[in-house]
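Using the working numbering, read the sequence shown as starting at 145 and increasing by one per residue.
Glycine included, each C-beta is placed from N, C-alpha and C at the ideal position.
Notes follow the structure.
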Amino acid sequence: MTRRIDHLVVAVHDLDQAGSFYQRLGFQVGARNRHPWGTENRIVQLPSSFIELITVGEGAAIAPHRASAFSFGAFVQDYLRDREGLAMLVLDSQDANADAALFSESGIGSFEPFHFERSGRRPDGSETKVAFTLAFTSAENSPKAGFFVCQQHFPENFWNPEFQRHDNKATQISSVTLAAPSPERLRSFLRAFSGVQPASPDGDDLSFRLGESHIDVLTPDDAAEIYGSVEAELDQPSFVAFAVRVEDIHRQAQWLDSAGIPYQHIGSRLIVPASAAFGVAIAFEPT
């Protein structure tokens, strides 16, 4: 079964400042939510995927990692000790319990499924309930790159067209880029995680096609060439960029100009550098 990108986890120190920046990029940004263990998020929702801006809230009670239990909160907390940026890639799941068993059998993570619920808000401000079960994996020697799948239990309470109306006319997350010193070493892990065979578009680089989106695994030099510059961990895999499709790329350039946000024209894309975007380069590309 081919998975799709469910969401991206972007870890930041100041959640409201990051939310304001994404609004300046032309996105509608949701209200602040709090997880039971104390991380807090704001969400940018697209029709089939979303961007989760996340931080560690005051009074958080973060559980540590255990041999059989991956701690989402601890991963975010540890990541933010060193940097801000795109911390985790999340694919969709129809059955997280089955996926956890599959990942264990494949040798990419023997972690218990993690279920939680939280309150959400409808477009009119009224409260609703959302619930998720997560199945985690772990790539070898990748402490700054997290991977898991997410099963939605009340999708009708989460996905809403009113939240998907953006001033920049964004339509979907089209790609995520993972920089790695040796992309080939991630081939078997990402094949087991994504369920698809990779293509090798250029030399040692890999690309995993997920419907209309893809995961690209590039050397840091290749990633820097494509995105102008990146903030990569040179000795280990790290997520350095993602791309979003917009209906009118020329209109988006005007929007960024008006907002005073720096960007580069690289090919048909507009690239907002990682240095201006909380540690992760953001590409806008035409539909």
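Within 9 Å, strictly: CB atoms of residue i and residue j
i	j	result
residue 320	residue 190	no
residue 384	residue 364	yes
residue 151	residue 194	yes
residue 276	residue 300	no
residue 359	residue 414	no
residue 373	residue 425	yes
residue 202	residue 182	yes
residue 285	residue 380	yes
Whole-Å CB distance - residue i paired with residue j, under 8 Å assumed
i	j	result
residue 362	residue 327	7 Å
residue 231	residue 293	So it is not a contact: roughly 16 Å between Cβ atoms.
residue 147	residue 318	Actually they do not touch by this definition, with Cβ atoms about 15 Å apart.
residue 428	residue 396	5 Å
residue 316	residue 192	6 Å
residue 159	residue 197	6 Å
Neighbourhood of residue i by C-beta distance below 6 Å, restricted to the same chain and skipping five residues each side
i	result
residue 244	257 and 279
residue 333	252 and 283
residue 375	418 and 423
residue 248	254
residue 336	250 and 252
residue 291	233, 281 and 337
residue 369	none
residue 235	147, 150 and 293
Beta-carbon proximity list for residue i, same chain, < 8 Å, skipping 5 on both sides
i	result
residue 212	254, 255 and 256
residue 175	186 and 265
residue 344	350 and 351
residue 267	304, 306 and 307
Cut-off 7 Å between Cβ atoms - residues of its own chain near residue i, not counting five sequence neighbours on either side
i	result
residue 168	403 and 405
residue 221	200 and 206
residue 173	163, 166, 167, 186 and 188
Practice problem: Could you name each continuous beta strand (DSSP E) segment of 3 residues or more that falls completely within the segment 278 to 366, going from the start of the chain to the end? | Solution: 290 to 296, 314 to 323, 350 to 354 and 357 to 362
Would you call the segment 207 to 225 and the segment 306 to 316 touching, i.e. three or more CB-CB distances under 8 Å? no
Exercise for the section: Let me know the beta strand (DSSP E) ranges lying completely inside the segment 209 to 242, each 3 residues or longer, listed in chain order. Expected result: 229 to 236
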